[in-house]
Structures are given as structure tokens and as C-alpha cells.
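Quick note, the sequence shown lines up with residues 651 to 864 if you use this note's numbering.
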Amino acid sequence: MARFRLQGTKVLAVTLDGGGDMVKAKNGSMVAYDGEMAFKKLTGGGEGLRGMVTRRLTGEQMTVMEVKGRGTCYFADRAADISLVRLDGGKLHVEASNLLCTDGGLRTGTTFTGLRGASQGGGLFTTSVEGTGWAAVMSDGPAVLLRVTRGMPLQVDPGAYVAHQGELRQSFQSGVNFRTFLGEGSGEAFQVRFEGEGIVYVQPSERETPAGEV
Numbered sequence: 651m652a653r654f655r656l657q658g659t660k661v662l663a664v665t666l667d668g669g670g671d672m673v674k675a676k677n678g679s680m681v682a683y684d685g686e687m688a689f690k691k692l693t694g695g696g697e698g699l700r701g702m703v704t705r706r707l708t709g710e711q712m713t714v715m716e717v718k719g720r721g722t723c724y725f726a727d728r729a730a731d732i733s734l735v736r737l738d739g740g741k742l743h744v745e746a747s748n749l750l751c752t753d754g755g756l757r758t759g760t761t762f763t764g765l766r767g768a769s770q771g772g773g774l775f776t777t778s779v780e781g782t783g784w785a786a787v788m789s790d791g792p793a794v795l796l797r798v799t800r801g802m803p804l805q806v807d808p809g810a811y812v813a814h815q816g817e818l819r820q821s822f823q824s825g826v827n828f829r830t831f832l833g834e835g836s837g838e839a840f841q842v843r844f845e846g847e848g849i850v851y852v853q854p855s856e857r858e859t860p861a862g863e864v
């Protein structure tokens, strides 16, 4: 199985032992490698024909490459901070632009996000990663892990959302954001409300959305 480790906070090192070891990584994110490696460009966002149709309908794009071989490969993207997420049969939901690398045994697909995707100017679907293995998630600044428990919902600015996992339900509020309370809001904006049990990953830097910074 591929071995994931961080070199500092902005570079991911993945060691492959050959014999079928493989990872999927964001296309163009390889910055160095030693040993013998083979790279093959793939089209991500889902597996098989269903994934292809979903990508065309939703605009969810995730160009990835398959990496095989023996040695260590180093990945990074625009000096983003990287967090490692261990999955043991569960599912991770992550914005496609924030997913750097996954173990080859993990399955990827698309998940409906509703108004959150529209508020961010992207598609209405985001990427899901499921199975057993490691995933590397990027964020603009060190990711903050916020736990959600029953009876204690969490409100998240969609521009700061990165990923979530666990038994969580999403709902949306329109026409209000955190800047509205300071008199700095403009246009339509959204908050995402998470309820249930799980973890939400947020970044300390907000994306631009159709309504500006939210």
C-alpha cells in the first residue's frame, strides 16, 4: 500500500513499493520524484460512464493523473497547506479544487451540494472519496477541523468550506453572511448549516464568489 507523509506543511511525499501500488493525484502537482515512476492522465469526478455523464451535466471538473512505480513522489500545488485524512471505510466530501491526492484503492464520485455550489460559482456537485486509505486535502492556510455534535449545529461560510466527513446533514440560508452583521455585505450570499455528528474542514481564507468575498 502507498505510504503517505508530509514534508513540512506544503509538500506531500508518497512512497510506492511497486507491485501494483498506485495513487491518483491532481494533474500537474508532481514537483519531484526518485526511483522509477509512470504517470498517466485521467479524467476524474467519478468512475465509469455514470461519472462522465455527471461531469457533463454539472460542470464538476477534476483532472487527475495516475501514478505507479517504485520510489517516492512529491506533490504540491501553489504552496497550499496539506492535511492528511485517513478513511477506514467511510466517506469524505471535498471540493474538487481542494483534493490533492488519494490512495489508488479509494473510490471517487460526485455528490449533490445544492446552493453551496451555486454560491461558490462552481457546479452543484462536489467530489466524494470512499473506502479505506489516505487522502490529501489542500487548504489556503492551515485547515481548521471543527467537530459537529448532535444539538450543536455548525454554520460555515461557503467560501471557507473545504471538506466534511461523518453523519452530517446540510441546509442553506440565503441573504445573510458573516459580513452582513458588520454592514459590509453586498448582494445575495449563503451560509451552510451542518447538523449531526462529524467533522468539517474550513480554511482561514475565503474564496471569491458571485457576491464577492463572503
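Glycine residues also receive a C-beta, built at the ideal position from the N, C-alpha and C atoms.
- Straight across, the Cα-Cα distance linking residue 678 with residue 737 is about 25 Å.
- Taking a 10 Å sphere around the C-beta of residue 691, we find fewer than 16 other C-beta atoms and assign the residue as exposed.
- In this structure residue 815 touches residue 741 by the C-beta definition: roughly 7 Å separates them, less than 8 Å.
- Around the beta carbon of residue 681, fewer than 16 other beta carbons lie within 10 angstroms, which makes this residue exposed.
- According to the DSSP assignment, residue 722 belongs to the beta strand (DSSP E) that extends over 713-725.
- Taking 7 Å as the cut-off, the Cβ atoms of residue 849 and residue 797 count as close.
- As a beta-bridge residue in DSSP terms, residue 733 pairs with 787.
- Burial of residue 789 is indicated by the presence of at least 16 other C-beta atoms within 10 angstroms of its C-beta.
- Annotation: residue 714 to residue 820 spans about 28 Å, alpha carbon to alpha carbon.
- One Cα belongs to residue 686, the other to residue 750, and the distance between them is close to 21 Å.
- When DSSP states are grouped into helix, strand and coil, residue 746 belongs to the helix group.
- The Cβ-Cβ distance between residue 652 and residue 727 does not fall below 7 Å.
- Nearest to residue 778 by C-alpha distance, out of 840, 852, 807 and 756, is 756.
- Within the same chain, Cβ atoms closer than 6 Å to the Cβ of residue 665 are found at 653 and 722, the five residues on either side in sequence being excluded.
- The beta carbon of residue 733 sits closer than 6 Å to those of 787 and 793, all from its chain and outside the five residues before and after it, given in chain order.
- The shortest C-alpha to C-alpha distance from residue 676 to any of 748, 807, 782 and 856 is the one to 748.
- C-alpha of residue 656 to C-alpha of residue 735: approximately 12 Å in a straight line.
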